[in-house]
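To keep things clear, I will list the structure first and then write my remarks on it.
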Amino acid sequence: MSDTIENQVRGPKRRIEDLTADEIKAATGAILLADGSVFLGKGAGASGIATGELCFNTAMTGHQEILADPSYAGQIVCFTFPHVGNVGANVQDEEAASEPARKAAVGMVSRAPITAPASWRAEQSFDEWLAARGVIAVTGLDTRTLTRRIRQDGMPMVAIAHARDGKLDLDALAKLAHDAPGMEGRELTRAVTGAAAADWQSADWAWPEGYAQGPKDGPKVVVLDYGVKANILRRLAGAGACVHVMPGSSTAQDVLAEKPAGVVVSNGPGDPAETGKFALDTIRGVIEAGIPVLGICLGHQMLALAVGATTVKMTQGHHGANHPVKNISSGQVEIVSMNHGFAVDRDTLPTNAKETHVSLFDGTNCGFMLTDKPVYSVQHHPEASPGPQDSFAVFETFVTSL
Numbered sequence: 001m002s003d004t005i006e007n008q009v010r011g012p013k014r015r016i017e018d019l020t021a022d023e024i025k026a027a028t029g030a031i032l033l034a035d036g037s038v039f040l041g042k043g044a045g046a047s048g049i050a051t052g053e054l055c056f057n058t059a060m061t062g063h064q065e066i067l068a069d070p071s072y073a074g075q076i077v078c079f080t081f082p083h084v085g086n087v088g089a090n091v092q093d094e095e096a097a098s099e100p101a102r103k104a105a106v107g108m109v110s111r112a113p114i115t116a117p118a119s120w121r122a123e124q125s126f127d128e129w130l131a132a133r134g135v136i137a138v139t140g141l142d143t144r145t146l147t148r149r150i151r152q153d154g155m156p157m158v159a160i161a162h163a164r165d166g167k168l169d170l171d172a173l174a175k176l177a178h179d180a181p182g183m184e185g186r187e188l189t190r191a192v193t194g195a196a197a198a199d200w201q202s203a204d205w206a207w208p209e210g211y212a213q214g215p216k217d218g219p220k221v222v223v224l225d226y227g228v229k230a231n232i233l234r235r236l237a238g239a240g241a242c243v244h245v246m247p248g249s250s251t252a253q254d255v256l257a258e259k260p261a262g263v264v265v266s267n268g269p270g271d272p273a274e275t276g277k278f279a280l281d282t283i284r285g286v287i288e289a290g291i292p293v294l295g296i297c298l299g300h301q302m303l304a305l306a307v308g309a310t311t312v313k314m315t316q317g318h319h320g321a322n323h324p325v326k327n328i329s330s331g332q333v334e335i336v337s338m339n340h341g342f343a344v345d346r347d348t349l350p351t352n353a354k355e356t357h358v359s360l361f362d363g364t365n366c367g368f369m370l371t372d373k374p375v376y377s378v379q380h381h382p383e384a385s386p387g388p389q390d391s392f393a394v395f396e397t398f399v400t401s402l
């Protein structure tokens, strides 16, 4: 590939030695890619240094929800939509279901500076929220070039830094990026899982009242927490379930002792095969007991592992709020939110597994069910509502079946 064509596809690769003294002096933020590429900008959010896997997200809204999603633990999000922050942040949009789950995305990259909030729901600026959450941000970067790099070469490990005094050690950052471990083989769920079992109270949000209270009666649903998003719990309660959250380290005996009508295996970060090393026995025990099980995102992947399938690392993953997924049975196309860097290899699903959903972007598996057990799963996030609420029925269907 000629340099001209490479620049058109990926953007020019600038290294530390290519920077001018004035460029370095003007920067208060930077990201360094594992291949030695450097991007300078203005720091925002928390000060400090972090390493993580860089992915791009195409959502135009919901930036607080995205960065607060525990599934993004260990990742740095490059937003393709240029404007970030105009709706500010507020407590009601919090997605961490427990204090450990606040350890979500470690960094953020945007094209434009963070704007002042212009929403009646804003309680603080997005920049203040980032700082309070410990999320390091760099603005003013060429996010189009970064996105093209990820599409072409995959999600790289990077180092991100924000130094308010402008003292950036670029050589040290380059070494951190080069030495950072990739996502394959990483077990990250233990860091974002609640330590103790607890009942969940709130249900769906409605204007102007806010969150409703969950039902006092109804089928009991145990949620195995691997970094569960709060809105999954709200949607279950809104569908009529009494929700009881248990740590992902719980045993099958622990779960069955609760006498649940159904079990949900939650979303979460990291490599599902690594999490499966301690979680699959629990999941298999619940399946063998004949209890209805619903898996979401990481939960979908671990259910697949539990029945004998395998998972694979994706090149660029799926991160956005406008992904078309086809429901094979009904033929309906749903516009869904996605956030995953691993996928289920459909060719390894057992004969008693029926594929139910498929991505119309790349044809990857997005759901399956067992033909001989009440087990269902989806790769996308049916609790998210980026405008469309196409997948909310996943929860109603599951709860009403109990």
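The opening position of the sequence shown corresponds to residue 1 in full-length UniProt numbering, with each subsequent residue numbered one higher.
The beta carbon of each residue, even a glycine, is placed where N, CA and C say it ideally should be.
{"Asked": "Residue closest to T147, alpha-carbon to alpha-carbon, out of A257, T58, K103 and G227", "Found": "T58"}
{"Asked": "As assigned by DSSP and simplified to three states, the class of H178", "Found": "helix"}
{"Asked": "Whether L33 touches V158 by CB criterion (8 Å)", "Found": "yes"}
{"Asked": "Straight-line Cα distance separating H162 from I49", "Found": "7 Å"}
{"Asked": "C-alpha gap between V228 and K216, whole angstroms", "Found": "22 Å"}
{"Asked": "Own chain residues within Cβ distance below 6 Å of L141, not counting five before or after", "Found": "F39, G41 and V109"}
{"Asked": "Residues that DSSP places opposite D225 in a beta bridge", "Found": "P247"}
{"Asked": "For P292 and K373, the rounded distance between their alpha carbons", "Found": "8 Å"}
{"Asked": "Secondary structure of V9, DSSP reduced to three states", "Found": "Residue confidence for V9 is low, a pLDDT of 41 falling below 50, so the modelled location carries little weight; the figure read from the coordinates is stated next. Three-state DSSP puts V9 in a helix."}
{"Asked": "Assigned exposure category for S119 - 16 Cβ within 10 Å defines buried", "Found": "exposed"}
{"Asked": "3-residue-minimum beta strand (DSSP E) runs that sit fully inside the region 119 to 164, ordered along the chain", "Found": "136 to 139 and 157 to 162"}
{"Asked": "Cβ neighbour criterion (16 or more within 10 Å) applied to S385", "Found": "buried"}
{"Asked": "Rounded C-alpha distance that separates R164 from A44", "Found": "9 Å"}
{"Asked": "Residues bridged to W200 [DSSP beta-bridge criterion]", "Found": "V243"}
{"Asked": "Bridge-paired residues (DSSP) for N327", "Found": "H357"}
{"Asked": "Anticipated Cβ contact below 8 Å, A73 with P272, distance rounded", "Found": "Contact flag wrong, Cβ pair sits at about 14 Å."}
{"Asked": "Extent of the continuous alpha helix (DSSP H) to which A304 belongs", "Found": "L298 to A306"}
{"Asked": "DSSP three-state assignment for K42, whether helix, strand or coil", "Found": "strand"}
{"Asked": "contact_flag[the region 277 to 297, the region 201 to 209] where n(CB pairs < 8 Å) is 3 or more", "Found": "no"}
{"Asked": "Spatially closest choice to I328 from G367, L294 and L173, by CA coordinates", "Found": "G367"}
{"Asked": "Sequence-distant residues of the same chain with beta carbon closer than 7 Å to G308, five excluded per side", "Found": "P350"}
{"Asked": "Residues bridged to residue 421 [DSSP beta-bridge criterion]", "Found": "Residue 421 is absent from the model: the chain starts at 1 and stops at 402."}
{"Asked": "Proximity to R111 [Cα-Cα], best of K25, V84, A26 and M183", "Found": "V84"}
{"Asked": "Other residues of its chain near W129: CB distance less than 7 Å, five sequence neighbours each side excluded", "Found": "Q64 and A89"}
{"Asked": "Collapsed DSSP secondary structure at T397 in the structure displayed", "Found": "helix"}
{"Asked": "The alpha helix (DSSP H) enclosing C274, as first and last residue numbers", "Found": "For clarity, residue 274 is Glu in the given sequence; the question names Cys instead. First-last of the alpha helix (DSSP H) with E274: P272 to E288."}
{"Asked": "Residue 475 versus S71, R121 and H178, residue with shortest Cα-Cα distance", "Found": "Given that the chain is displayed from residue 1 to residue 402, the structure contains no residue 475 and the question cannot be resolved."}
{"Asked": "Residues bridged to G367 [DSSP beta-bridge criterion]", "Found": "H357 and V378"}
{"Asked": "Reference I66, options E53, E95 and N86, closest by Cα", "Found": "E95"}
{"Asked": "Check whether A104 and P156 have beta carbons under 8 Å apart", "Found": "no"}
{"Asked": "Limits of the unbroken beta strand (DSSP E) element including I76", "Found": "Q75 to F79"}
{"Asked": "Assigned exposure category for N352 - 16 Cβ within 10 Å defines buried", "Found": "exposed"}
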